[in-house]
Amino acid sequence: MTTATTAQDSHHRSKATTELQHAAIRFAGDSGDGMQLAGTQFTNTSAVFGNDVSTLPDFPAEIRAPAGTLAGVSGFQINFSSHPIHTPGDQVDALIAMNPAALRTNIKDLIDGGILIVNTDEFTATNLKLAKFDQNPLESGELKPYRVYKVPITKHTLEAVVPAGLGSKESARCRNFYALGLVFWLFDRPLDTTLNWIHSKFGKVPAVAEANTLALKAGYNFGETAELFPVRYKVNRARLAPGRYRNLTGNQALAIGLITAARKAGKALFYGSYPITPASDILHELSANKNFDVRTFQAEDEIAAICATIGAAYAGAISVTGTSGPGVALKQEAIGLAVMTELPLVIVNVQRGGPSTGLPTKTEQADLWQAILGRNGECPVPVIAAQSPADCFHAAIEAVRIAVRFMTPVILLTDGYLANGSEPWRIMASGEIAPIEVRHAQEAADFQPYRRDELGARPWAIPGTPGLEHRIGGLEKQDVTGNVNYEPENHQRMVNLRAEKVANVATQIPEQEVFGDESGELLLVSWGGTYGSVRTACERMREAGHSVSHMHLRWLNPMPGNVEQLLRRFRRVLVCELNMGQLQFMLQGRFCIPCVGLHKVQGRPFIVGEIVSRIEELLGGR
Amino acid sequence: MSQVKTLTVKDFKSDQEVRWCPGCGDYAILNQMQKVFAELGLSRENTVFVSGIGCSSRFPYYMSTYGVHGIHGRAPAIATGVKIANPGLNVWVITGDGDGLSIGGNHLLHTIRRNVNLKIILFNNRIYGLTKGQYSPTSEFGKKTKSTPFGSIDYPMHPISVAIGAEVTFVARCVDVDVKYQQYVLKRAAEHQGTAFVEIYQDCNVYNHEAFDYASDRQVRDDHVLYLEHGKPMIFGKERNKGIRLNGTHPEVVELGSGITADDLLIHDERAPEPTLAYLLSRMRHPEFPEPMGVYRAIQLPTYENLLVDQIAAVSQKLGPRSLDDLFNEGDTWVVD
Ligand code: SF4
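Those protein sequence lines, which keep their order, are chains L and Z.
The first sequence runs 235 to 856 under my numbering.
The second sequence runs 75 to 411 under my numbering.
Next up, the structure:
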């Protein structure tokens, strides 16, 4: 669906409207309450309306934890604004709590004076007990700091959907649309994007489509008519760069990026994967796009997934395997094989909380060392990290480009926050993206499988080419010929050559940039998905007149050549990462520059406030 | 498979020095493979040999085709990727009892189940050779090795039974030194469309010499093996005077004559849709029974890579031509002026 920003907003207003620059809201309820859906719909509507948006879905690892429990709470946070934003917001201005458990786990993130909408029907004795409330918080006075709106959402929904003729269970399931409708009214959003969605999703089951439509409109009308809400809010369109936009999650963007890279290389895309949270959506997205000559392979395990990817790379496809940290742990031996055989492939790690099974649905950045150091032997691999949901598109293309140019596996790091979070993406024209040049060896005369070009890459000679038959494998190779060789000097030479090749990647990536001044008091350093919160903290400090700059690293291995020089221009360096100091350790070890760190492993992104506090602490302690 | 010129056995030998122990059964298999490739007129450039780790897995280095010497147990997965990326290639997997059934058991099962058009040759020597003599998943119960000085307490597994359990479409067995018969089996495997799984009894003359003497020694082997022939009664023995008869659900060895004729014997049917007979044959073991050699099962089923290619074609037709720009512009979009 396409909506021009000029063609809407015609409904009349019966109540006072307050303009806001931005607002962050959170839908929270039971896993079965459809909060992810409500959040996604609010996001799409706001994006189509023209706001800048940033989202943070947050759901439990269990598909359906017991109803009403604290463990079963699922949330979806949206920050939408009339100016560019980089994060889903530290705290929320409005919270929709569909049951007591959702209230308990989310209330701490609501600002003082914030709007709290509760579904009073769910505040039963049983649910209060499950949420560990001794007293009903709606009566105890503990919600005094907030503007509480008590709405019998379930009851209203049941009444509203009667004409659709569904059973009571199915009728009650529409309550997320009722809540959504109410919030749409509160923030003065049009309904058409969601109505279209309901139509295309449930068109084949008219009763369900009707019920959801009725619930949505009932919620909206309740806001309009009930005396409950004295004002409504409006967040104007953002002044984004002109163009056509769509909203993308990180996993979607990554999948589209991979398809684009393969098309740009004129090749089939092979994607070998084993289902794992939070990476599976990449497999789903790619499997739905087979018409782009996408060959997805759901393997029997993580090891088979990467080994098939290695086979596909040998046979000439653009070859990618995707997983999360536990999967990479299983793949490491095979990554070593890809390093030894010097084949082009991309290993995507959508990081989650670890170690072991850890926090499957929560975000973390603690697999950096795993990516860079995690294999046996001297085994260098280029490592790139995406910085935002939409940036996963670009990072995927870049990873493929480097893999093919250098004949090397490349590790692409994203994380659970980027994977499930979303932001508007200015839709590029495919012509804006440069082709990826693939050179397959053809010439049989004097062919040597391990003869290198000026950047250290060996030729990509694929089966089916007469005269280039050669054997590769995990045993050490003789320089140039690629024959098995155990001589001491040759091993040293090959280790050096592989390291030089990866180091040469630095010649093909952009110089490191710094946001803010090129020198000064404090340099913030970040990588991956923490870009948005660190950049926002930096902007805030600069607005307050502090000498703070920001360096965001995209390539972690190799790093751009000017990183050391930039680090030395600042009196202090603060490395912010969602681990216990992995990049900090690398920078200190590599450059002998003392850094301080801001570390957090709580399964959630940084909030801007905690970065700002750390900066203030450092600047104050000068 | 393209056929540019007729290649000879020599054309399939690589320039690498073969480094198995003198007397190892692997030599015989390498020679038969090269012979079969020449005889079938297969090309070098369209062939890929993929292996894992172990003595047998050095095999690709000695063929003048394309080849990947992979990591332990993973050859079927690597080969699957090769085949998906280029279904036109002729892809062979070389593995052993440790590589294929122990560390790589999972990949073997699932590759067979998918019916990827690969030829999987498992060299069974019932021992770990490359790591110098530990018991393997096919070693007999009680076997004394370096890692089982007091005898193995593992029950062995049987490759053909495993393959049948994984719904194999072609499964066969032969012995390394019985070269003519091995050529026949390899040719049948080469011609099969789908996963062809072949177990070869291979002598590791260093760590498990003569493990299969009963099946390879010319003096005795005819009494210990049963050559399967499709549509024929199961007769064996030097004098061809013994046969296999079904008694209830159990096979039994009977002597022909004195009232028992070939009509009383089991008839081999390699094309039976159900694998019941093949499985029953896979359970017949020395010394109680002659061990069946040849093709146990050969049925036709669409291959994985063909199904994949067909599905891509069907989806592409259904969705019509879609450009990258169509993909970019999918879903809800909006314009900022
Ligand atoms: S150890 Fe055994 S299997 Fe390995 S090469 Fe020597 S004889 Fe052959």
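Here a beta-carbon is modelled for each residue, glycine too, at the ideal position from N, C-alpha and C.
- When the beta-carbon positions are compared, Phe261/L and Ala413/L come within less than 8 Å of each other.
- Using a Cβ-Cβ distance cut-off of 8 Å, the stretch 411-429 of chain L and the stretch 321-330 of chain L are in contact, since at least three pairs of beta carbons, one from each stretch, lie closer than that value.
- Listed along chain Z is no residue with a C-beta nearer than 9 Å to that of His256/L; the closest approach is about 17 Å.
- Using a CB distance below 8 Å, the part of the stretch 262-290 of chain L facing chain Z consists of Asn278, Ala281, Val282, Phe283, Gly284, ordered along the chain.
- Only those residues of the stretch 697-718 of chain L whose C-beta falls short of 9 Å from the nearest C-beta of chain Z are listed: Pro697, Gly698, Thr699, Pro700, Gly701, Leu702, Glu703, His704, Arg705, Ile706, Gly707, Gly708, Leu709, Asn717, Val718.
- Judged by the Cβ position, Asp100/Z qualifies as a neighbour of ligand 1 at the 7 Å threshold, a heavy atom of the ligand being closer than this.
- Residue environment for His674/L: exposed (fewer than 16 other C-beta atoms within 10 angstroms of its C-beta).
- Around the Cβ of His704/L, a 10 Å sphere holds 16 or more other Cβ atoms; the residue is buried.
- Between Pro828/L and Asp384/Z, the alpha-carbon positions lie close to 59 Å from each other.
- With a cutoff of 8 Å on beta-carbon distance, Asn738/L and Leu689/L are scored as near each other.
- In this structure, Thr339/L sits away from Ile312/L, with a CB-CB distance that is not shorter than 8 Å.
- For Val469/L, the beta-bridge partners assigned by DSSP are Leu254/L.
- Within the stretch 536-583 of chain L, the runs of beta strand (DSSP E) at least 3 residues long that lie entirely inside it are, in chain order, 552-557.
- About 6 Å separates the Cβ atoms of Ser138/Z and Arg118/Z, confirming a contact at the 8 Å cut-off.
- Under the 8 Å criterion on CB atoms, Asn724/L is classed as non-interfacial with respect to chain Z.
- Rounded to the nearest whole angstrom, the C-alpha separation of Gly225/Z and Ser213/Z is 11 Å.
- If you look at Trp789/L, you'll find it in the beta strand (DSSP E) that goes 789-791.
- Contact with chain L is found for Trp408/Z, since one of that chain's Cβ atoms lies less than 8 Å from the residue's Cβ.
- In this structure, ligand 1 has a non-hydrogen atom nearer than 7 Å to the beta-carbon of Tyr281/Z.
- Residues of the stretch 649-672 of chain L whose Cβ lies closer than 9 Å to any Cβ of chain Z, in chain order: Pro658, Trp659, Arg660, Ile661, Met662, Ala663, Ser664, Gly665, Ile667.
- The CB of Thr205/Z never comes closer than 8 Å to any CB in chain L; the least such distance is about 15 Å.
- Here the alpha carbons of Gly305/Z and Val156/Z stand approximately 36 Å from one another.
- Within the same chain, and ignoring the five residues on either side of Cys613/L in sequence, the residues whose Cβ sits closer than 7 Å to its Cβ are Gly570, Val573.
- Taking CB atoms only, Tyr258/Z has no neighbour in chain L less than 8 Å away.
- Every beta strand (DSSP E) stretch that sits fully inside the stretch 599-647 of chain L and reaches 3 residues is listed by chain position as 617-619.
- By DSSP's assignment, Ala262/L forms a beta bridge with Gly309/L, Ala331/L.
- Unbroken alpha helix (DSSP H) runs of no fewer than 4 residues, entirely contained in the stretch 314-360 of chain L, are found at 334-340, following chain order.
- DSSP places Met269/L in the uninterrupted alpha helix (DSSP H) bounded by 269-283.
- Cys248/Z is bridged by DSSP to Ile274/Z.
- In this model, Ser767/L and Arg838/L are separated by some 12 Å (Cα to Cα).
- Residues of the same chain with a CB within less than 6 Å of the CB of Ile195/Z, apart from the 5 flanking positions on each side, are Ile168, Val272 in chain order.
- Note that the C-beta distance between Gly484/L and Gly716/L is not below 8 Å.
- Exclusion of Cys248/Z from the 7 Å shell around ligand 1 follows from its C-beta lying no nearer than that to any non-hydrogen atom of the ligand.
- The straight-line gap separating the alpha-carbon atoms of Met662/L and Gly128/Z is approximately 50 Å.
- For Met367/Z, the uninterrupted beta strand (DSSP E) segment begins and ends at 365-372.
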